[in-house]
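Before any comments, here is the structure.
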Amino acid sequence: MFAVWLFIGLSFIFGASGQSGNICVSDPVTNLTLVNETIDWTIPTNCNVSFYVVNIISEDGIVYHYETENNTFDASFLPLCVEYEIRITPVSLYNVQGTSNSINGQILPGPNENFTVSAFNIISTGRTNITLEWKMPDGVERCVDLFRVVVWDDDGNNPYDVYVAENYFNLTDAVPCMQYEFGIRPIYRPEEDEPLSLFNYTSPGATTTPPVLAGIVEGITSINMTWILEPFAENRCPITAINIDASPNFNVSHPVQDDRNRLPVAFELLNLQPNTVYVSRVAVVNSNGLSEAVLLPLQTLPNSTTLN
Ligand SMILES: *[C@@H]1O[C@H](CO)[C@@H](O)[C@H](O)[C@H]1NC(C)=O
Ligand SMILES: *[C@@H]1O[C@H](CO)[C@@H](O)[C@H](O)[C@H]1NC(C)=O
Ligand SMILES: *[C@@H]1O[C@H](CO)[C@@H](O)[C@H](O)[C@H]1NC(C)=O
Ligand SMILES: *[C@@H]1O[C@H](CO)[C@@H](O)[C@H](O)[C@H]1NC(C)=O
Ligand SMILES: *[C@@H]1O[C@H](CO)[C@@H](O)[C@H](O)[C@H]1NC(C)=O
Ligand SMILES: *[C@@H]1O[C@H](CO)[C@@H](O)[C@H](O)[C@H]1NC(C)=O
Ligand SMILES: *[C@@H]1O[C@H](CO)[C@@H](O)[C@H](O)[C@H]1NC(C)=O
Ligand SMILES: *[C@@H]1O[C@H](CO)[C@@H](O)[C@H](O)[C@H]1NC(C)=O
Ligand SMILES: *[C@@H]1O[C@H](CO)[C@@H](O)[C@H](O)[C@H]1NC(C)=O
Ligand SMILES: *[C@@H]1O[C@H](CO)[C@@H](O)[C@H](O)[C@H]1NC(C)=O
Ligand SMILES: *[C@@H]1O[C@H](CO)[C@@H](O)[C@H](O)[C@H]1NC(C)=O
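Numbering-wise, the sequence shown is residues -18 to -1, 1 to 290 according to mature numbering (1 follows the signal peptide of the UniProt record, and there is no 0).
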């Protein structure tokens, strides 16, 4: 051992064993590239390099450290679309580190990478607010920073065609019981369309707003009433009846044939007592249940009244 060290020491001092024994500080590698998944460089010529130190560095510091005698390096293990500094340091005889050279680069997805979004999830956060969430396939989440969101409703209208940066979309004017079709397209390569993923969803039901009295004609033993209902455009849940609850005197339900026009509903309450006040609560029944009630005191006319 001593002899070897002595020999090396002497070599330094006298250059006794020729070029290969000399301390040699390598020039930096040149032509350093990252193409597809391979890091490549040209070997320096001023020294015989023993090996190269490959450091792969992110914002968090060195994430990968490797030593290789080769001048290519397979970086396919790195996650896609993350920017790294790639630093190559040649090391020559006696572990003498040469000058480093660096490039910044990232591994990009290949042409067959799957960008199909999936795993749709809906969160309902209020009568008219829903949030649609989706997922990117593993590995490519970081490659996409915009999604195109297109929304169609039951009528084939297209209320939204927007770009969002996160993997969710908030619909804040959802119509109860409306069927929506969502289309999500990740934007990665502007020159070609990534797949459009479609998702159908019917927004949660809701009771209607209370009915609005549009007209009333009070008779001796009957009363005619006309009610305006919440417009179809604002609540698609089908309406089945209007309830007139004048308990304990009567509690009746007037059936409603609902359609998209949702015209005012007129009906006649019969068999009432003359000159009587009926405190009634009028509410709308739809697929989601009973709306809030309107309080309405009804008063029939005295028997002696002459109707014209
Ligand atoms: C870079 O590579 C090219 C082709 O491989 C070669 O012609 C050129 O000399 C190299 N440049 C340096 C500085 O090594
Ligand atoms: C990189 O990948 C593309 C697409 O797969 C291919 O066309 C190209 O030849 C590759 N380049 C190199 C240097 O391997
Ligand atoms: C590299 O090593 C070879 C053989 O050991 C030697 O002939 C050559 O001069 C060395 N080159 C340099 C640049 O040290
Ligand atoms: C150096 O890289 C080439 C090309 O990737 C490969 O064929 C060869 O086996 C590697 N040599 C060593 C010693 O790793
Ligand atoms: C792409 O990913 C989606 C969702 O993960 C999957 O349903 C589909 O089969 C994949 N397509 C290909 C071509 O692998
Ligand atoms: C619904 O969204 C609107 C608009 O973003 C917001 O003002 C409202 O507070 C939300 N309501 C609920 C119940 O989350
Ligand atoms: C979307 O709704 C979620 C709740 O579902 C909320 O946390 C988020 O802040 C909303 N985002 C926007 C941009 O309104
Ligand atoms: C959504 O519903 C429409 C109409 O019912 C239908 O044509 C379409 O195929 C559905 N889409 C999906 C993704 O199920
Ligand atoms: C209520 O309407 C019916 C039918 O239109 C009518 O015959 C009746 O006289 C009306 N009753 C009152 C109190 O106006
Ligand atoms: C009147 O009828 C409606 C519907 O059948 C019912 O929900 C309500 O409880 C009734 N009112 C009373 C006081 O019983
Ligand atoms: C109204 O008066 C007539 C005659 O006075 C009587 O025959 C009738 O029974 C009365 N009707 C009611 C509902 O009281």
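Even glycine gets a Cβ: it sits at the ideal position worked out from N, Cα and C.
- Query: Going by C-alpha distance, which of Y260, N182, C159 is nearest R242?
  - Reply: C159
- Message: By the DSSP assignment, the beta strand (DSSP E) with R69 in it spans what residues?
- Response: 66 to 74
- Message: Residues in the same chain with beta-carbon distance under 6 Å from L178, minus the five sequence neighbours each way, listed in chain order, please.
- Response: G165, R167
- On the three-state DSSP scale, how would you describe N149? coil
- Message: Taking DSSP's pairing of strands, which residues face T190 in a bridge?
- Response: Looking at the DSSP assignment, T190 forms no beta bridge with any residue, so it has no partner.
- Is any heavy atom of ligand 8 found at a distance shorter than 8 Å from the C-beta of L178? no
- Task: Report the rounded CA-to-CA distance for I105 versus G121, giving the unit in angstroms.
- Result: 25 Å
- For ligand 8, is there a heavy atom less than 8 Å away from the beta-carbon of F97? no
- Query: Is the stretch 138 to 147 touching the stretch 182 to 193 in the sense that three or more CB pairs, one from each, lie closer than 8 Å?
  - Reply: no
- Reference F181; option with closest CA among N96, M207, E163: E163
- With respect to the beta strand (DSSP E) encompassing Y46, which residues constitute its N-terminal and C-terminal limits? 43 to 50
- Message: Tell me the rounded alpha-carbon separation between V276 and V267.
- Response: 13 Å
- Could you check how far apart the C-beta atoms of P213 and R263 are, in whole angstroms? I think they sit under 8 Å. Actually they do not touch by this definition, with Cβ atoms about 22 Å apart.
- Message: For a test of the three-state rule: what should DSSP assign to F(-7), helix, strand or coil?
- Response: Residue confidence is low: F(-7) scores 45 on pLDDT, short of 50, so the model does not pin down where it sits. No coordinate-derived value is stated.
- Task: Pick helix, strand or coil for M(-18), following the three-state DSSP scheme.
- Result: Reliability fails at M(-18), whose pLDDT of 38 lies under 50, so the model's placement of it is uncertain and the value that follows must be treated cautiously. M(-18): coil per DSSP, three-state reduction.
- Answer with buried or exposed for A156, where buried requires no fewer than 16 other C-beta atoms within 10 angstroms of its C-beta. buried
- For E123, the three-state DSSP class (helix, strand or coil): helix
- Query: Apart from the five residues just before and just after L272, which ones in its own chain have a Cβ nearer than 6 Å to its Cβ?
  - Reply: A265
- With 16 other CB atoms within 10 Å as the buried threshold, where does F232 fall? exposed
- Query: Terminal residues of the continuous beta strand (DSSP E) containing V11?
  - Reply: Neither: V11 is in no beta strand (DSSP E) and is coded neither H nor E.
- Helix, strand or coil at N83 according to DSSP, with G and I counted as helix: strand
- Task: Assign I21 to one of two classes, buried (16 or more other C-beta atoms within 10 Å of its C-beta) or exposed (fewer than that).
- Result: buried
- Of the choices T81, N257, L62, whose alpha-carbon is the least far from that of T71? T81
- Query: Around the Cβ of P279, are there at least 16 other Cβ atoms within 10 angstroms (buried) or fewer (exposed)?
  - Reply: exposed
- Query: Roughly how many angstroms separate the alpha carbons of N52 and P26, rounded to a whole number?
  - Reply: 12 Å
- What number of angstroms, rounded off, separates the C-alpha of P91 from the C-alpha of V131? 23 Å
- Taking 8 Å as the threshold, find out whether the stretch 200 to 212 comes into contact with the stretch 106 to 121 through three or more Cβ pairs. no
- If we ignore side chains and look at the alpha-carbon of each, how far apart do Q161 and V17 end up? 47 Å
- Helix or strand or just coil, what does DSSP make of N268? strand
- Query: Anyone know if the C-beta pair for P246 and A196 falls short of 9 Å?
  - Reply: yes
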